[in-house]
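Numbering (this note's numbering), first residue to last: 24 to 412. Positions of the beta carbon are idealized from the N, C-alpha and C atoms, including for glycine.
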Ligand SMILES: Cc1ncc(C[n+]2csc(CCOP(=O)(O)OP(=O)(O)O)c2C)c(N)n1
Ligand SMILES: [Mg+2]
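Shown next as structure tokens:
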């Protein structure tokens with residue numbers, strides 16, 4: 024086991040400012056070594072997520088979405104910036120506020136919307152809903168509704184990638200698992216077990232805290248220790264903690280996160296990254312947001328990641344107002360079409376009800392093992408049989 028050495032936390036708030044346009048250095052504000060094409064792609068992705076969420080809220084109000092629904096608006100720079108720093112086969116896993124991660128990972132918005140509407144075309148055949156976006160081909164392992172539940176799974180995913188590479192040799196390269204969690208998930212027991220095991224086993228996993236200031240109506244300061252420096256919790260597990268303060272700026276998120284990813288891939292050691300962000304909407308669709316002041320919301324609204332990047336690109340001469348308008352109109356049309364198709368799609372057929380619910384084979388449960396509690400009275404379980412002996 025390696026000694027628990029914790030490096031100094033990285034605080035890279037004074038990043039290099041590089042103008043995107045060669046002859047426009049004076050007025051350019053875009054701060055990145057990335058080319059304008061990439062930046063426009065990120066802008067498009069953030070717009071897509073925002074528009075998807077706007078239409079999701081409308082659909083929810085029109086009763087097209089059943090169950091819980093958590094909107095990602097405001098946090099787009101986190102999903103887009105971090106996922107852009109990964110390789111396509113790096114596994115990612117997240118919590119229930121997962122539409123943004125799915126779209127940033129490249130899931131077809133139709134499969135995402137169809138899932139929200141409970142349709143058979145959805146990524147989980149319409150049986151998961153808003154909180155369970157899953158796409159194995161894209162190495163997106165959910166969407167998890169239980170706070171913190173994804174953290175031990177992330178450690179398991181990272182263990183699997185290491186095992187595949189080092190033991191059974193079915194993989195010839197290091198894959199970095201990224202686990203997104205809310206600030207509220209830090210206080211779940213499973214999180215600490217997952218962090219500890221990742222540290223002990225030197226697993227290539229990065230835990231990303233999307234610190235949006237609240238867990239439902241409870242502020243971070245009220246519910247969590249080290250509230251002003253969550254990344255420091257890494258020290259307990261022999262990991263490096265990183266803070267990305269400018270979480271509303273996709274360029275900063277990408278550039279700073281990429282450094283952590285590169286290091287993790289090289290060393291195969293876990294990291295904890297705190298990214299400061301804000302959710303523009305309530306916790307879920309039924310939250311009146313009475314625990315936040317108007318002033319606080321206004322302050323964050325002014326840092327809208329989409330406004331931020333579009334403004335910078337326009338100022339740097341890399342994007343015109345007309346191009347931006349065209350991009351927005353195209354995305355609106357795309358999502359409008361997705362909503363129409365999803366609302367016309369079929370729900371899962373009745374005989375699909377029990378499929379993929381459990382593993383194995385039992386009775387009506389195709390591909391399932393019926394859990395003990397669901398067995399009939401006269402079908403004693405192994406445990407019950409043992410008890411009677
Ligand atoms: C184990 C568990 N406890 C409580 C809940 C209820 N719950 C749902 S979301 C949430 C808050 C989590 O906040 P955070 O992790 O900061 O994520 P955010 O909603 O801010 O994205 C709680 C307590 C739950 N889903 N699971
Ligand atoms: Mg939170």
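Please state whether DSSP places residue 265 in a helix, a strand or coil. strand
Beta carbon of residue 285, beta carbon of residue 262: below 8 Å? With contacts defined as CB atoms closer than 8 Å, residue 285 and residue 262 fail to qualify as a contacting pair.
Cβ of residue 91 within 8 Å of Cβ of residue 366? no
Just the Cα atoms here: how many angstroms apart are residue 73 and residue 95? One alpha carbon belongs to residue 73, the other to residue 95, and they sit about 8 Å apart.
Neighbour-count burial assignment, residue 239, 16 or more Cβ in a 10 Å radius: exposed
I want to check one thing, is the minimum distance from the CB of residue 219 to the heavy atoms of ligand 2 below 7 Å? no
Would the C-beta of residue 238 count as close to ligand 2, meaning under 7 Å from any of its heavy atoms? Taking non-hydrogen atoms of ligand 2 into account, the C-beta of residue 238 is found less than 7 Å away from one of them.
Have a look at the DSSP bridge pairing and note the partners of residue 241. 238
Under the rule that 16 or more other beta-carbon atoms within 10 Å means buried, what is residue 352, buried or exposed? It is exposed - the Cβ of residue 352 has fewer than 16 other Cβ atoms within 10 Å.
When DSSP builds the beta bridges, which residues end up paired with residue 294? 229 and 263
Start and end residues, beta strand (DSSP E) containing residue 342: Note, residue 342: premise wrong, no beta strand (DSSP E); not H, not E.
When the distance is taken between beta carbons, is residue 166 closer than 8 Å to residue 280? no
Identity of the residue in 317, 360, 101 and 257 nearest residue 69 by Cα: Considering only alpha carbons, the answer is 101.
Is it buried or exposed, residue 252, if we count other Cβ atoms within 10 angstroms and call 16 or more buried? exposed
From residue 413 to residue 230, what distance separates their C-alpha atoms? In the structure displayed, the chain extends from 24 to 412; residue 413 sits before or after that span and is not available.
For residue 171, which three-state DSSP category applies? coil
When DSSP labels each residue in this structure, what does residue 133 get in the three-state scheme? helix
Would you say the beta carbon of residue 169 comes nearer than 7 Å to a heavy atom of ligand 1? yes
Report the option in 260, 226, 333 and 276 whose CA atom is closest to the CA atom of residue 292. That would be 226, whose Cα lies nearest to the Cα of residue 292.
Looking at residue 164 and residue 146, is the spacing between their C-beta atoms short of 8 Å? The Cβ atoms of residue 146 and residue 164 do not sit closer than 8 Å to each other.
What does a CB cutoff of less than 7 Å around residue 331 pick up in its chain, not counting 5 residues either side in sequence? 271 and 272
The beta strand (DSSP E) enclosing residue 203, as first and last residue numbers: Looking at the DSSP string, the run of the beta strand (DSSP E) that includes residue 203 is 200-205.
Could you check if residue 190 is buried or exposed, using at least 16 other CB atoms within 10 Å of its CB as the buried criterion? exposed
Bridge-paired residues (DSSP) for residue 73: None; residue 73 has no bridge partner.
In the DSSP assignment, the alpha helix (DSSP H) including residue 324 goes from what residue to what residue? 317-324
Cutting at 8 Å between CB atoms, please list the residues of its own chain near residue 267, excluding the five before and the five after it. 35, 275, 276, 279, 280, 296, 297, 298 and 299
Please report the Cβ distance between residue 180 and residue 200, rounded to the nearest whole angstrom; I am assuming they are in contact, meaning their Cβ atoms lie under 8 Å. Contact holds; Cβ gap of about 5 Å.
Measure from the alpha carbon of residue 234 to the alpha carbon of each residue in 269, 217, 310 and 335, then state which is nearest. Taking only the C-alpha atoms, the option nearest residue 234 is 269.
Can you give me the Cβ contacts of residue 250 inside the same chain, cut-off strictly under 6 Å, excluding the 5 residues immediately before and after it? 243 and 244
Cβ shell of residue 152 (< 6 Å), same chain only, five flanking positions each side left out: Same-chain partners within the cutoff: 90.
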